[in-house]
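If you read the sequence shown in our numbering, its first letter stands for residue 49, the second for the next number, and so on. Quick reminder that beta carbons are idealized off the backbone N, C-alpha and C, glycines included. Note sheet for the following structure.
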Amino acid sequence: TTLVSNLNKVLNMVTRKQQRKRQPKQTSRRRMRARVVTPRMRVNTIPAAVNTASSIRSKQPGVQRQSNTDRLIQKTIPAGMPTGGVVVDQIVSTTITDRLRAQASLYQRIRYIRLTFEIQTQTPTTVSGGYVAAFVKDPELVIGSGISGLKRLTAVQDAKTTKWWQSTVIDIKPNQMDYYCANGNDIRWFSPGRLVILCDGSPNQPVEVTVVLKWHVELKEPALQALPVTLPQVVLTATKLQYSERTSGGTDGRLRAFNTNSAGLDTEIKIVDAFTGLPSIGTIAQLGGLWYQLPYPVTSSNSNSEIRTMHFIKFDQMNADDLECELYALPLSNSKVEEHFEDNIYFVRGTTFSPIVSSEILVDENSTSGFWIASPSPSVTQHLMISKRFQETQPAESSQLSTTVESQLSMLCQQMQLQ
Numbered sequence: 049t050t051l052v053s054n055l056n057k058v059l060n061m062v063t064r065k066q067q068r069k070r071q072p073k074q075t076s077r078r079r080m081r082a083r084v085v086t087p088r089m090r091v092n093t094i095p096a097a098v099n100t101a102s103s104i105r106s107k108q109p110g111v112q113r114q115s116n117t118d119r120l121i122q123k124t125i126p127a128g129m130p131t132g133g134v135v136v137d138q139i140v141s142t143t144i145t146d147r148l149r150a151q152a153s154l155y156q157r158i159r160y161i162r163l164t165f166e167i168q169t170q171t172p173t174t175v176s177g178g179y180v181a182a183f184v185k186d187p188e189l190v191i192g193s194g195i196s197g198l199k200r201l202t203a204v205q206d207a208k209t210t211k212w213w214q215s216t217v218i219d220i221k222p223n224q225m226d227y228y229c230a231n232g233n234d235i236r237w238f239s240p241g242r243l244v245i246l247c248d249g250s251p252n253q254p255v256e257v258t259v260v261l262k263w264h265v266e267l268k269e270p271a272l273q274a275l276p277v278t279l280p281q282v283v284l285t286a287t288k289l290q291y292s293e294r295t296s297g298g299t300d301g302r303l304r305a306f307n308t309n310s311a312g313l314d315t316e317i318k319i320v321d322a323f324t325g326l327p328s329i330g331t332i333a334q335l336g337g338l339w340y341q342l343p344y345p346v347t348s349s350n351s352n353s354e355i356r357t358m359h360f361i362k363f364d365q366m367n368a369d370d371l372e373c374e375l376y377a378l379p380l381s382n383s384k385v386e387e388h389f390e391d392n393i394y395f396v397r398g399t400t401f402s403p404i405v406s407s408e409i410l411v412d413e414n415s416t417s418g419f420w421i422a423s424p425s426p427s428v429t430q431h432l433m434i435s436k437r438f439q440e441t442q443p444a445e446s447s448q449l450s451t452t453v454e455s456q457l458s459m460l461c462q463q464m465q466l467q
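Listed below in structure tokens is the structure:
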């Protein structure tokens, strides 16, 4: 019995040792104490605050893609238009449509991904003649008009020749380069080309032509541009503009436009047809008349036969189909010319007139001292354009910058674009 009990004790001791080996070793946890930082030096005064420079950076997407479909041109081609006549000569830039102009004013660079021109004609199949359309990738390439112009335009790659009653589509993939959003002096830096349509055979009846533009662009380098005040100049296309009395008594004397042939015979034409670049009659009537500055002063007289010098001309609505114009010394209603010299030729063909608002000339006491400068501006419609900016001189101590004239010019610019 004693032997058995001793063996049991030995087995129990061996079993306990094996169980102790199988159990994981318990690690002792050390108590983490908070680290106390003691100052190296104690001072009795509070240190002054240090001015830290703050950096404000404008962060916005650097690239944005936009696309849209806009009605670009709506015009009526008259019956009998000569072969080679210019139907459309439209330069492509960011100002070509209202939406693209607004979007591009928020960026500095633009890449034209795709341009599609849909030329739609609304006319029956009985109309004669046709047209040639092409996209010229060099905006300064001379095409011209007439037979020679048709030859140059037909030689352009992917030019299309079709009949007046047929519509056509010109799909363009412009050069993959970044153009500037703002118009500058060199047109090749902000325009990928221009659309040119020439008449190829005279139509025997009027033709309605509509050009729809589908554009897809990529805008880069965000910014905020000030839209330039760009206005179209008026060019006299008649032979002469002179004062003439319709009756011998002079009851209906006014400025009239005439075309003079090689035999010296005059043919009177409407004022609205004697100028190019004028807004529509409805727009001029809505504005209450439109002022233009003369390229040079002209003389007239008053009731006492004293010489007076005129510097401005005003166009206004005479009736539903025509305009009237008159000379003024200043852009004021009471500065109208009193007496004209009979049959005096004031202007001849090619004379240009610059649009103004009366506030440009009439000085406001509360405005900053300065003057408005008009300079030639690149045109997207092949019309003569001017761009106006305010040149400030040394302001007076109590003067305040007035934006009245600038807002008036901007409104006039928008009205002229809605013609």
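### Query
Exposed or buried, which one is Thr357 when buried takes at least 16 other CB atoms within 10 Å?
For this step, residue 357 is matched to residue 309 along the sequence shown. Thr357 should be labelled exposed.
### Query
Which term fits Ser196, buried or exposed, when burial requires 16 or more other beta carbons within 10 angstroms of its beta carbon?
To locate residue 196, count along the sequence shown from 1; it is residue 148. With fewer than 16 Cβ atoms within 10 Å of its Cβ, Ser196 is classed as exposed.
#### Entry: Enclosing beta strand (DSSP E) for Ala182 [first to last residue]
Here residue 182 refers to the residue found at position 134 of the sequence shown. From DSSP, the beta strand (DSSP E) with Ala182 extends over Gly178 to Val184.
### Query
Just reading off the beta strand (DSSP E) that Asp206 is part of, what are its end residues?
If you number the sequence shown from 1, residue 206 lands on position 158. Premise fails: Asp206 is in no beta strand (DSSP E) and is neither H nor E.
### Secondary structure of Trp14, DSSP reduced to three states
The structure shown does not extend to residue 14, since the chain spans only 49 to 467, so no value can be given for it.
### Query
Per DSSP, Thr164 is paired with what?
Taking the first residue of the sequence shown as 1, we reach residue 164 at position 116. According to DSSP, which records beta bridges pairwise, Thr164 is partnered with Asp219 and Lys262.
### Query
Out of curiosity, what's the CA-to-CA distance linking Thr399 and Val111?
Working through the sequence shown from its first residue, we reach residue 399 at position 351. Working through the sequence shown from its first residue, we reach residue 111 at position 63. Cα to Cα, Thr399 sits roughly 45 angstroms from Val111.
### Task
With DSSP collapsed to three states, give me the class of Gln281.
As a first step, residue 281 must be located in the sequence shown, where it is residue number 233. Residue state, collapsed to three classes: coil.
### Query
So Val180 packs on Asp137, CB below 8 angstroms; how close in whole Å?
As a first step, residue 180 is located in the sequence shown; it is residue number 132 there, counting from the start. As a first step, residue 137 is located in the sequence shown; it is residue number 89 there, counting from the start. 12 angstroms between Cβ atoms; not a contact.
### Distance between Leu326 and Gln467 (C-alpha atoms, nearest Å)
Here residue 467 refers to the residue found at position 419 when the sequence shown is read from its first residue. Here residue 326 refers to the residue found at position 278 when the sequence shown is read from its first residue. Since pLDDT at Gln467 reaches only 45, below the 50 mark, its modelled position is unreliable, and the value read off the structure follows with that caveat. Answer to the nearest angstrom: the Cα atoms are 9 angstroms apart.
### Message
What does the Cβ neighbour count give for Ile421, buried or exposed, with the cut at 16 atoms within 10 Å?
### Response
Within the sequence shown, residue 421 is the residue found at index 373, counting from 1. Exposed is the call here.
### Same chain, Cβ closer than 6 angstroms to Thr117, five either side skipped, listed in chain order
Counted from its first residue, the sequence shown places residue 117 at position 69. Lys262.
### Residue nearest to Val217 in terms of C-alpha spacing, selected from Arg162, Arg397 and Gln168
By 1-based counting over the sequence shown, the position of residue 217 is 169. Among Arg162, Arg397 and Gln168, the Cα nearest to that of Val217 is on Gln168.
### Message
According to DSSP, is Asp391 part of a helix, a strand, or is it coil?
### Response
As a working mapping, residue 391 is identified with position 343 in the sequence shown. Note: Asp391 maps to coil in three-state DSSP.
### Task
Rounded to whole angstroms, what's the CA-CA distance from Met225 to Glu269? Just pull it up for me.
Position 177 of the sequence shown, counted from the first residue, corresponds to residue 225. Position 221 of the sequence shown, counted from the first residue, corresponds to residue 269. Distance between the alpha carbons of Met225 and Glu269 is about 14 angstroms.
#### Entry: Whether Ile332 touches Glu266 by CB criterion (8 angstroms)
Start at 1 with the first residue of the sequence shown, and residue 332 comes out as number 284. Start at 1 with the first residue of the sequence shown, and residue 266 comes out as number 218. In this structure, Glu266 does not lie closer than 8 angstroms to Ile332 by Cβ.
### Element boundaries [beta strand (DSSP E), containing Asp118]
For the purposes of this step, residue 118 is identified with residue 70 of the sequence shown, where counting begins at 1. It spans Val111 to Ile125 - the beta strand (DSSP E) in which Asp118 sits, taken as one unbroken run.
### Task
Give the DSSP bridge partners of Glu374, in chain order.
Mapped onto the sequence shown, residue 374 falls at position 326. Per DSSP, Lys362.
### CA nearest to the CA of Pro222, picked from Phe165, Lys208 and Asn231
Translated into positions along the sequence shown, residue 222 becomes position 174. When only C-alpha atoms are compared, the closest one is Phe165.
### Message
Less than 7 angstroms between C-beta atoms, sequence neighbours within five positions excluded: which residues of the same chain meet that for Leu371?
### Response
As a working note, residue 371 is residue 323 in the sequence shown. Answer for Leu371: Ile319, Val320, Ile329, Ile332, Phe363, Asp364 and Gln365, listed in chain order.
#### Entry: Beta-carbon spacing of Gln281, Ile434 below 8 angstroms
If you number the sequence shown from 1, residue 281 lands on position 233. If you number the sequence shown from 1, residue 434 lands on position 386. Going by C-beta atoms, Gln281 is nearer than 8 angstroms to Ile434.
#### Entry: CB of Pro240 within 8 angstroms of CB of Val140, strictly
Residue mapping note: residue 240 aligns to position 192 of the sequence shown, counting from 1. Residue mapping note: residue 140 aligns to position 92 of the sequence shown, counting from 1. Result yes, Cβ atoms of Pro240 and Val140 sit closer than 8 angstroms.
### Task
Answer yes if the region 375–393 comes into contact with the region 343–362, meaning at least three C-beta pairs across the two stretches below 8 angstroms, and no otherwise.
yes
### DSSP-derived helix/strand/coil call for Lys318
Position 270 of the sequence shown holds residue 318. If DSSP states are grouped into helix, strand and coil, Lys318 belongs with coil.
### Task
Have a look at Asn382 and Thr308 and give me their C-alpha separation to the nearest angstrom.
Sequence index remark: in the sequence shown, residue 382 carries index 334 (1-based). Sequence index remark: in the sequence shown, residue 308 carries index 260 (1-based). The straight-line gap from Cα to Cα measures roughly 33 angstroms.
### Query
Would you say Ser193 and Leu246 are within 8 angstroms of each other, going by their C-beta atoms?
By 1-based counting over the sequence shown, the position of residue 193 is 145. By 1-based counting over the sequence shown, the position of residue 246 is 198. Their beta carbons are under 8 angstroms apart, which means Ser193 touches Leu246 by this criterion.
### Query
From Pro187 to His388, what does the alpha carbon distance come to, in whole angstroms?
Counting from one through the sequence shown, the residue named residue 187 turns up at place 139. Counting from one through the sequence shown, the residue named residue 388 turns up at place 340. Each residue's alpha carbon lies about 45 angstroms from the other.
### Query
Can you tell me whether Trp237 is buried or exposed, with buried defined as 16 or more other CB within 10 angstroms of its CB?
The residue labelled residue 237 in the question sits at position 189 within the sequence shown. Exposed.
### Query
Do Gln156 and Gln114 have their C-beta atoms closer together than 8 angstroms?
Taking the first residue of the sequence shown as 1, we reach residue 156 at position 108. Taking the first residue of the sequence shown as 1, we reach residue 114 at position 66. Contact: no.
### Query
Does DSSP put Lys57 in a helix, in a strand, or in coil?
Locating residue 57 in the sequence shown gives position 9, where the first residue counts as 1. In this structure, Lys57 counts as helix in the three-state DSSP scheme.
### Query
For Ile235, which option in Leu303, Thr142, Lys211 and Gln170 has the closest C-alpha, if you only look at C-alpha atoms?
Against the sequence shown, residue 235 aligns to sequence position 187. Among Leu303, Thr142, Lys211 and Gln170, the Cα nearest to that of Ile235 is on Thr142.
### Message
My output table needs one value for Thr331: the three-state DSSP class, helix, strand or coil.
### Response
Your numbering for residue 331 matches position 283 in the sequence shown. Reduced to three states, the DSSP call for Thr331 is helix.
### Query
Buried or exposed: Thr295, going by 16 or more other Cβ atoms within 10 Å of its Cβ?
One-based indexing of the sequence shown puts residue 295 at position 247. Since pLDDT at Thr295 reaches only 49, below the 50 mark, its modelled position is unreliable, and no value is offered.
### Task
Assuming Val283 and Leu432 form a contact by the criterion Cβ under 8 angstroms, report the distance between their Cβ atoms to the nearest whole angstrom.
Indexing the sequence shown from 1 puts residue 283 at position 235. Indexing the sequence shown from 1 puts residue 432 at position 384. Val283 to Leu432, Cβ: 6 angstroms. Contact.
### Message
If I follow the unbroken beta strand (DSSP E) through Ala305, where does it start and stop?
### Response
Stepping through the sequence shown from its first residue, residue 305 is reached at position 257. Unbroken beta strand (DSSP E) run through Ala305: Arg302 to Thr308.
### Reduced DSSP category for Gln341 - H, G, I as helix; E, B as strand; rest coil
As a working note, residue 341 is residue 293 in the sequence shown. In the structure shown, Gln341 sits in a strand (DSSP, three-state: E or B).
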